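Each residue of the sequence shown is one higher than the last, beginning at 1 in the UniProt record's numbering.
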Amino acid sequence: MSPADECVEHRAAAQLGYRIGVFACNEKLAEIFLRRVQWYRDVLKTAMQRVGGRFRFELAKSAGGKLQAAGYDELHVLIDASDSAAELDLFLPCAGIVHAHFVGRNAPPVPSGVRSYAWRSLEEAASFWARFYLSTEHASLAVNCSDELSWIADGLVGVGEHAWSVSTKGALTTLHERIDESCWRNIQRNIVVVEAPVGWRIRSLEKVRSALYAPTGAEPEILVLLSPHFVGCSLSWLCFIGAGEQLGQMAAR
1 MSPADECVEH
11 RAAAQLGYRI
21 GVFACNEKLA
31 EIFLRRVQWY
41 RDVLKTAMQR
51 VGGRFRFELA
61 KSAGGKLQAA
71 GYDELHVLID
81 ASDSAAELDL
91 FLPCAGIVHA
101 HFVGRNAPPV
111 PSGVRSYAWR
121 SLEEAASFWA
131 RFYLSTEHAS
141 LAVNCSDELS
151 WIADGLVGVG
161 EHAWSVSTKG
171 ALTTLHERID
181 ESCWRNIQRN
191 IVVVEAPVGW
201 RIRSLEKVRS
211 ALYAPTGAEP
221 EILVLLSPHF
231 VGCSLSWLCF
241 IGAGEQLGQM
251 AAR
């Protein structure tokens, strides 16, 4: 390849941005998830007066049992009660990171390299991921954050929770009440996206950090979105626990 060709290829890749695919055997499920992620992002971006972004979301379609497009930076695979997790390893060559979302059920063992999550609903999953991706681009403050989800050990399952209150303390209290006590003791990693009004203080940030660190011993990764249009304090939280621990946590939720 000539230098000129390499330059053209580089510009084309840059224009594509960071590609995030969404796939489900039931294509309607993927369409709903994608619409909800984009809706949440649009609402939050409007509130924060942000435009543009490097993330490009698209519906991933299959033909003959294979994805029609590959080369995704991340691929979200949605799995409902009627789907099997047996062939998730087939998606690994298609993306840098493969997320497997089990909706309304516990996450079974998945192939090495696949990130698995157990959600109560598709709405819960879309709400978290919209906020997570937006905060990686437009966070007003980021504390103790690694490179997005660059590492998740095999055998861990992500479970999420959301809490809101008029105060930071109230939101933290609500969050703690919704999480099974046994779950706190087994958290390997936890991430929280905070939405708060402009003027949210450093001492409030320390409240969030200490409240999530104390029961887990795991330093939380905190992403903060601030806007004059936000009211109260919203916490969108994701933790990773051992697959065996999700049984009690899902039951408690």
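Built from N, CA and C at the ideal position, the CB exists for glycine as well. Fair warning: this is a prediction, and the values are worked out from it, not measured in the lab.
Element boundaries [alpha helix (DSSP H), containing residue i]
{"i": "G170", "result": "168 to 178"}
{"i": "H138", "result": "122 to 138"}
{"i": "C25", "result": "Segment: none, C25 is in no alpha helix (DSSP H) and carries neither H nor E."}
{"i": "W184", "result": "181 to 184"}
Buried or exposed by the 16-neighbour rule on C-beta atoms within 10 Å, applied to residue i
{"i": "D83", "result": "buried"}
{"i": "N190", "result": "buried"}
{"i": "W200", "result": "buried"}
{"i": "V194", "result": "buried"}
{"i": "A86", "result": "exposed"}
{"i": "I187", "result": "buried"}
{"i": "V43", "result": "exposed"}
{"i": "I222", "result": "buried"}
{"i": "K45", "result": "buried"}
{"i": "P220", "result": "buried"}
{"i": "I202", "result": "exposed"}
{"i": "V198", "result": "exposed"}
{"i": "E161", "result": "buried"}
{"i": "R41", "result": "buried"}
{"i": "A153", "result": "exposed"}
{"i": "A24", "result": "buried"}
{"i": "E58", "result": "exposed"}
{"i": "A63", "result": "exposed"}
{"i": "A142", "result": "exposed"}
{"i": "S204", "result": "buried"}
Local conformation of residue i per DSSP, three classes
{"i": "K66", "result": "strand"}
{"i": "R201", "result": "coil"}
{"i": "Y18", "result": "strand"}
Enclosing beta strand (DSSP E) for residue i [first to last residue]
{"i": "W164", "result": "156 to 165"}
{"i": "A196", "result": "187 to 196"}
{"i": "A142", "result": "141 to 143"}
Residue i Cβ short of 7 Å to the ligand GDP heavy atom set
{"i": "I222", "result": "Looking for the ligand GDP in the displayed structure turns up nothing, as the structure carries no ligands at all."}
Indicate whether the contact test is met: 3 or more Cβ pairs, each with one atom in the segment 64 to 74 and one in the segment 15 to 24, closer than 8 Å. yes
Does the segment 76 to 90 come close enough to the segment 100 to 107 that 3 or more CB-CB pairs lie under 8 Å? yes
Is the segment 200 to 217 touching the segment 121 to 133 in the sense that three or more CB pairs, one from each, lie closer than 8 Å? no
Counting Cβ pairs closer than 8 Å, one from the segment 228 to 235 and one from the segment 161 to 172, do we hit at least three? yes
Length-filtered (3 minimum) beta strand (DSSP E) runs lying within the segment 209 to 244: 221 to 226, 233 to 242
Runs of beta strand (DSSP E) lying entirely within the segment 36 to 119, each at least 3 residues, in chain order: 55 to 59, 72 to 79, 95 to 103, 114 to 119
Report yes or no: do three or more beta-carbon pairs, one from the segment 112 to 119 and one from the segment 201 to 210, lie closer than 8 Å? no
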